[in-house]
Amino acid sequence: MRMLGIETSCDETAVAVVEAGDRGPLGQIRANLIYSQLGEHRRFGGVVPEIAARAHLERIDGLVTQALQEARLGLADLDGVAATGGPGLIGGVMVGLMTAKALAFAHDKPLIAVNHLEGHALSVRLTEDVAFPYLLLLVSGGHCQLLAVRGPGDYTRLGTTIDDAAGECFDKTAKLLGLGFPGGPAIERAAAGGDPRRFDLPRPMWRKPGCDFSFSGLKTAVRQTIEKLPAGDPKAVADLCASFQRTVGDVFADRCANALAAQPMDTLVVAGGVAANLYLRGRLEEVAARHGARLVAPPVKLCTDNGAMIAWAGIERLRLGQVDDLAFAPRPRWPLAEAA
Ligand code: KG4
Ligand code: ZN
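If you want the numbering used here, it's the 1-based position in the sequence shown plus 21.
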C-alpha cells in the first residue's frame, strides 16, 4: 500500500510517501519532506495564521512533486491520498486538505482526512513493532493527554490538561529566557549543563488522583523566577532550564504512573513534539519499567510534525476501509476520543 501524506496544520509544510503491507506495524518511508516556515514567523514571535496559510499555498505543489520524484512514483501508483483534516490553524488545514482532495478526485484515489492527533498517536507503529492496545502520552504544542489506544479511531481519554499544553509551557519559558522559538529544543540544549535541583518549582497535579495535567501554575512560577534572575548569567539559565525540565519530568512520571495503575498495559508510548526530549523519555522509561511496561517512542525526527505520520495514519485507516468523502470539511477542533 502506498500513501501520500500531507501535513499543513501549523507552521511546517510537509509531504511524505509511505509504503506498507496490508496489516501490522512497520512501513517504509520513501520520501519525507518538510519545509519549516520558522523564518517567516520569527520576527512576530509566534505563528501568524494568515502568513502560515499563504506560505503553505506557495510550497505545497512543489513539495508534492518533489516527494513523488524522490519516491520514484507517479500519482497513479498511489493507493490513497491522506491529509491532515484538523485540528489546527484552519487556513493551513484548508490548503493541505484541498490539495489532497484535488489529487484524489483527479486520479480517482481514496481520500483520508486524518486527525492530526491520530497522526501522532499512530506514528510509533510506522517505525517500531508495537501492537494495540497501548497507553499513549500525547504531548505537543497544543495538546497534553493520556489515552488508551485500542486501534485506529478507537481511543479512550484518561486525562488531559485543564489549562496549557506541555509544549506551550516549554515555548513560553524559552521566550521569557530569550532562547527563541520553538522553545522545546532550546530548553533541552540549555538544560544540558544545568543543575536540575537548583530551583524548586511547583508540580501542578503531582500526587493528586487521576491523570489530568495542569501547567499554568508552573508557567507563572517560571516567570516569577526569571524576573528575579541576575541578568547575563548563563549558569542560572542552564540551572533554570534543567530544573524546569525535571519538574515537567516529575509531572509526566506521576501522571503516567496513575494511568498505568488504572489501565495496566505492557507498552507506554510517548508521541508529539515534546516526545523529542531525551531527558523526558528517560523519565518515562523509568516509570514504565516500574509498572512492568516498556516505553516506545518514534525516532526524534518523527516526533515533531511531519507528513510521514499522516501518510501512516492514512494507511492504517485505509486498511480498515475508513475513507472520507470529498465533502469532508476541515475541522479547527477535533477531539481524538470523540466521546470526550
Ligand atoms: O507536535 P508538534 O511538532 O506540533 C504540534 O502539533 O503542536 O509539537 C511542537 C511542540 C512545541 O511546543 C515544541 O517546543 C515542542 O513540541 N518540542 C519540544 C522538543 N522539541 C519540540 N519540547 C521539549 N523538548 C524538545 N526537544
Ligand atoms: Zn503535531
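For each residue, glycine too, the CB sits at the ideal point set by N, CA and C.
When distances are taken from the beta-carbon of GLY140 to the heavy atoms of ligand 2, the shortest one is below 8 Å. The region 75 to 85 makes no contact with the region 174 to 182; the number of CB pairs closer than 8 Å stays below 3. Residue environment for GLN266: buried (at least 16 other C-beta atoms within 10 angstroms of its C-beta). Ligand 1 never approaches GLU91 closely enough for any of its heavy atoms to be under 8 Å from the residue's Cβ. The region 286 to 294 and the region 149 to 166 touch, with no fewer than 3 CB-CB distances between them shorter than 8 Å.
Between the alpha carbons of ALA125 and ARG80 lies a distance of about 19 Å. In chain order, the residues positioned with their C-beta nearer than 5 Å to some heavy atom of ligand 1 are SER161, GLY162, GLY163, GLY188, PHE191, ASP192, PRO203, GLY204, GLY205, PRO206, GLU209, GLY293, GLY294, VAL295, ALA297, ASN298, THR325, ASP326.
Set against 8 Å, the gap from the CB of SER30 to the closest heavy atom of ligand 2 is smaller.
For ALA134, there is no enclosing alpha helix (DSSP H); the residue is found in the beta strand (DSSP E) stretching over 132 to 136. Distance from the C-beta of HIS137 to the nearest heavy atom of ligand 2 is below 8 Å. Counting C-beta atoms within 10 angstroms of its own C-beta, ASP260 has 16 or more neighbours from the protein chains shown and is therefore classed as buried. Residue ranges of uninterrupted beta strand (DSSP E) with 3 or more members, entirely inside the region 47 to 76 and ordered along the chain, are 48 to 57.
Assignment of beta strand (DSSP E) within the region 171 to 253, counting only whole runs of 3 or more residues, yields 175 to 181 in chain order. Short of 6 Å from the beta carbon of LEU157, and not among the five residues preceding or following it, lie these beta carbons of its own chain, in chain order: ALA142, LEU168, VAL170, VAL290.
Of the candidates LEU96, GLY270, VAL85, THR246, GLY270 places its Cα closest to the Cα of LEU299. In its chain, beyond the 5 residues on either side, ALA297 have a beta carbon closer than 6 Å to the beta carbon of VAL321.
Under the Cβ criterion (8 Å, minimum of three pairs), the region 247 to 259 does not count as touching the region 116 to 136. Its chain contains ALA263, SER264, ARG267 as the residues whose beta carbon lies nearer than 6 Å to that of PRO217, once the 5 sequence neighbours on both sides are disregarded; these appear in chain order. Excluding five sequence positions before and after VAL317, the CB atoms of its chain that fall closer than 7 Å to its own CB belong to VAL145, GLU149, VAL151, THR288, VAL290, given in chain order.
In this structure, the CA atom of VAL36 is about 45 Å from the CA atom of LYS249.
Straight-line measurement puts the Cα of ALA242 at about 42 Å from the Cα of LEU47. The continuous stretches of alpha helix (DSSP H) do not include GLU28, which lies in the beta strand (DSSP E) extending over residues 23 to 28. Each residue's CA atom was taken as its position, placing GLU359 and LEU99 some 30 Å apart. VAL295 is not a Cβ neighbour of PHE234, given a cutoff of 9 Å.
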